[in-house]
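Asks: Numbering (this note's numbering), first residue to last: 884 to 950.
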């Protein structure tokens, strides 16, 4: 899968995902907090299927060329 996310986007996704899962684990929020797994996975692989569909790319050209 081709990378379409920059480092800031990836980092924010992982942080938000971890916070959501952590809140779900501690019963602060409901079961829906487990949706945080999705941004963790997309941030880890550096590619977002939704971005591909709508044509968004937050990765700079130099950064994407390295992968």
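Virtual Cβ for every residue (Gly too), placed ideally from N, Cα, C.
Verify whether the separation of the beta carbon atoms of residue 941 and residue 889 is less than 7 Å.
Replies: Closer than 7 Å, so yes.
Asks: Short check: CB of residue 931 to CB of residue 886, under 7 Å?
Replies: Not in contact: residue 931 and residue 886 (Cβ atoms no closer than 7 Å).
Asks: Would residue 903 be called buried (16 or more neighbouring beta carbons within 10 Å of its own) or exposed?
Replies: Buried.
Asks: Alpha carbon to alpha carbon, how far is residue 919 from residue 937?
Replies: Each residue's Cα considered, the two are about 21 Å apart.
Asks: Taking Cβ to Cβ, would you say residue 906 is nearer than 7 Å to residue 912?
Replies: For residue 906 and residue 912, yes; Cβs fall inside 7 Å.
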